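According to our numbering, the residues represented by the sequence shown are 583 to 699, in order. Glycine residues also receive a C-beta, built at the ideal position from the N, C-alpha and C atoms. Keep in mind that this is a model prediction, so the values were computed, not measured.
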Amino acid sequence: MFEKITYEKLMEYVPNDFDKFVSDGLSSIQAVSRLINEYENQTDDYEDVRWMFTVLLAEIGIKHDCLRDEIKLEALSIINDKKLVDYWKEEGINDAEVFNRVLHLEKVKNIIIEFGS
Numbered sequence: 583m584f585e586k587i588t589y590e591k592l593m594e595y596v597p598n599d600f601d602k603f604v605s606d607g608l609s610s611i612q613a614v615s616r617l618i619n620e621y622e623n624q625t626d627d628y629e630d631v632r633w634m635f636t637v638l639l640a641e642i643g644i645k646h647d648c649l650r651d652e653i654k655l656e657a658l659s660i661i662n663d664k665k666l667v668d669y670w671k672e673e674g675i676n677d678a679e680v681f682n683r684v685l686h687l688e689k690v691k692n693i694i695i696e697f698g699s
């Protein structure tokens, strides 16, 4: 049996892995592609974390000026239709933490929109 990856771990792992890939000599764009490949193929519960992973990829793309259009569109869709909020509530995350996470998503959404302008 595998241990589910948590929101907190994902928030830590994805940026750290990105930084490692870049320090290994990959460009930002190549590092994002490698992140996608690694997480899709090696994360046992990828379908459960895919939504947050996509939002994290959007944040990384903005920060490093390598935001791919398909990631931007998917992240906005995930944020707008509240998929993550519903998922967190189903997991039993308390209301205060859900509220903080929603604030974070709204911040990401605004940055994505600004970045796309």
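For residue 642 versus residue 600, is the C-beta distance shorter than 7 angstroms? Residue 642 sits at position 60 when you count from the first residue of the sequence shown. Residue 600 sits at position 18 when you count from the first residue of the sequence shown. Taking 7 angstroms as the Cβ cut-off, residue 642 and residue 600 qualify as a contacting pair.
Is residue 615 helix, strand or coil by DSSP? For the purposes of this step, residue 615 is taken as the residue at position 33 of the sequence shown. Correct three-state label for residue 615: helix.
Same chain, Cβ closer than 8 angstroms to residue 583, five either side skipped, listed in chain order: Here residue 583 is taken as the residue at index 1 of the sequence shown, counted from 1. Unreliable positioning characterises residue 583 in this predicted model, as indicated by a pLDDT of 42, which lies under 50. The coordinate reading is nonetheless provided below. There are no such residues.
Hey, how far is the Cα of residue 681 from the Cα of residue 651? Residue 681 sits at position 99 when you count from the first residue of the sequence shown. Residue 651 sits at position 69 when you count from the first residue of the sequence shown. Distance between the alpha carbons of residue 681 and residue 651 is about 28 angstroms.
DSSP-derived helix/strand/coil call for residue 601: On the sequence shown, position 19 is the one that residue 601 refers to. Three-state DSSP puts residue 601 in a helix.
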